[in-house]
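K.L.:
Have a look at the structure that comes next, please.
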Amino acid sequence: MTGAQLTMGPILFHWPADKKRDFYFRIADEAPVDTVYIGEVVCSKRAPFFEAHCDEVAERLTKAGKKVVFSSLAEIMIPR
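Every position in the sequence shown, counted from 1, becomes a number in my numbering once 62 is added.
If you want it as structure tokens, here you go:
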């Protein structure tokens with residue numbers, strides 16, 4: 063049997079993309095978290111702002127030994 067594991071869900075707040083990226087970098091470097099969920103799960107209008115950073119965040123978290131899970135919106139959105 064393995065020990066307890068700690069999982070961090072996706073950020074629900076609307077932070078600027080660079081602040082969100084830097085937060086995840088700190089999680090990679092400092093937090094005793096085993097699994098990290100990243101991605102936009104609240105509003106489809108916010109998704110494009112952070113998408114450019116998802117790959118570098120996932121890579122940094124993975125190199126730090128964290129498991130990365132990509133999250134997305136639960137519902138399909140209508141075209142705007």
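Every residue gets a Cβ at the ideal spot worked out from N, C-alpha and C, and that includes glycine. Please read these numbers as outputs of a predicted model, since none were measured by experiment.
#1: Does the distance from the C-beta atom of Val95 to that of Lys128 stay below 8 Å?
#2: Grouping DSSP H, G and I as helix and E and B as strand, with all else coil, what is Lys129?
#3: Does the region 63 to 70 come within contact of the region 102 to 109, defined as at least 3 CB pairs closer than 8 Å?
#4: Scan the region 84 to 128 and note each continuous alpha helix (DSSP H) run of 4 residues or more that stays entirely inside, going in chain order.
#5: Just how far apart, CA to CA, sit Phe85 and Glu113?
#6: Can you grab the Cα-Cα spacing for the pair Val130 / Asp91, in whole Å?
P.N.:
The structure says:
#1: In this structure, the beta-carbon distance from Val95 to Lys128 falls below 8 Å.
#2: Note: Lys129 maps to strand in three-state DSSP.
#3: No: the two stretches stay apart, fewer than three of their Cβ pairs being nearer than 8 Å.
#4: DSSP runs (the alpha helix (DSSP H)) wholly in the region 84 to 128: 109 to 125.
#5: Spanning the two alpha carbons is a distance of roughly 15 Å.
#6: Rounded to the nearest angstrom, the gap between the Cα atoms of Val130 and Asp91 is 14 Å.
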